[in-house]
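Protein chains: 2
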Amino acid sequence: MVSALNNGLDYRQMLRDAGLRVTPQRASIVTILSETDDHPSVEDLYEKTRTLDDTVSVATVYRTMSVLENAGLVRKLVMDDAPARYEMMPQTDHDHLVDVESGDLVEIPGTEIAELMGRVASELGYHIVSHHTVIRARKV
Amino acid sequence: MVSALNNGLDYRQMLRDAGLRVTPQRASIVTILSETDDHPSVEDLYEKTRTLDDTVSVATVYRTMSVLENAGLVRKLVMDDAPARYEMMPQTDHDHLVDVESGDLVEIPGTEIAELMGRVASELGYHIVSHHTVIRARKV
DNA sequence: TGACAAATGCGACTAATTCGCATTAACAAG
DNA sequence: CTTGTTAATGCGAATTAGTCGCATTTGTCA
Chain C
148 MVSALNNGLD YRQMLRDAGL RVTPQRASIV TILSETDDHP SVEDLYEKTR TLDDTVSVAT
208 VYRTMSVLEN AGLVRKLVMD DAPARYEMMP QTDHDHLVDV ESGDLVEIPG TEIAELMGRV
268 ASELGYHIVS HHTVIRARKV
Chain P
148 MVSALNNGLD YRQMLRDAGL RVTPQRASIV TILSETDDHP SVEDLYEKTR TLDDTVSVAT
208 VYRTMSVLEN AGLVRKLVMD DAPARYEMMP QTDHDHLVDV ESGDLVEIPG TEIAELMGRV
268 ASELGYHIVS HHTVIRARKV
């Protein structure tokens, strides 16, 4: 899922390009987040990152996610009734659906939804900064 | 904005129809929520309701919102970084947009977004239980 | 009217996230 | 390299939205 080129060095470069200081903690956190296929919470990230670098603290994971979100490198998924989850900003845009039975988070491929929102928002004289969509659904 | 018929008695009936006990607290809370044009948080509701009935507690406002949401009478709007807000379940469906400058919550009329989501979800073998969309946007 | 389940107020509690502060370390300039 | 500046870190305390336990009250329905 992750290209062989996306190793630690690339993430370091990615941080630098965004004008962020490259600390070992940030590099570890980003590495873990990039290697993960699901959408981890801060707690998930914290635990996995500790296996790689036991100097990171939860506070730093929170701060790093916040910083990366502002830099547009990471997307935060706000859940209805559970801690937020994160993903690397996807190249292929998509939305998310929560399976109410299992709690699974399913990706909805395609950009239709975002496009429609953009269109509709511009009709009201706005342009979208970000959108937070939670679709709760059940298998048919 | 609120029809003259929607007085306290109607709300009492609405609760009864939903199979819920009609307590004075619930009647007061629903009255306040119905008379409000904006989208109040629990804190807002609590304060306004106290002016009408000083026996209500915050806990009851939380519990009432939860009960009414499950009954499909109220819609909860989950915010990114602020307490949840509520509205009476609208007869004319719409989504919401938060002006990131002012914090204002703007209603987006129309059902296009919900329809698209339903279509897209069914392609994945799901049917939507509920969806909350909050678009964060900036005036052009 | 009485019985019983459900709802309430209160305050204690939980869980997610943020913050203050002293310390450390990244980076740019020399 | 060294160094000065400034941002980032760890820690634990603080904050905040929301929930819970429990004793008491109160709708509802027979």
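Protein chains in written order, with the numbering used here: chain C, 148 to 287; chain P, 148 to 287. Note that CB positions come from ideal geometry on N, CA and C, so glycine has one too.
Check                                                                                                                      : Outcome
C/L152, DSSP secondary structure in three states                                                                           : Here the model assigns C/L152 a pLDDT of 41, short of 50, so the residue's position is not dependable and the matter cannot be decided.
Cut-off 6 Å between Cβ atoms - residues of its own chain near C/E216, not counting five sequence neighbours on either side : K223
P/E248, DSSP secondary structure in three states                                                                           : coil
Buried/exposed call for C/V287, threshold 16 Cβ in 10 Å                                                                    : exposed
Residue environment, C/M236, which counts as buried when at least 16 other CB atoms sit within 10 Å                        : exposed
CB contact check: C/Y273 to chain P, cutoff 7 Å                                                                            : yes
is_contact[C/A268, chain P] using C-beta, thresh 7 Å                                                                       : yes
Euclidean distance between Cα positions of P/S277 and C/T239                                                               : 25 Å
Chain C within 7 Å of P/M264, Cβ atoms only                                                                                : yes
Rounded separation between P/R210 and C/R168 - CA only                                                                     : 45 Å
C/R168: first and last residue of the uninterrupted alpha helix (DSSP H) it sits in                                        : No alpha helix (DSSP H) contains C/R168, which DSSP labels as neither H nor E.
Identity of the residue in P/H186, P/D200 and P/T183 nearest P/A174 by Cα                                                  : P/D200
Within-7 Å CB hit, C/R285 to chain P                                                                                       : yes
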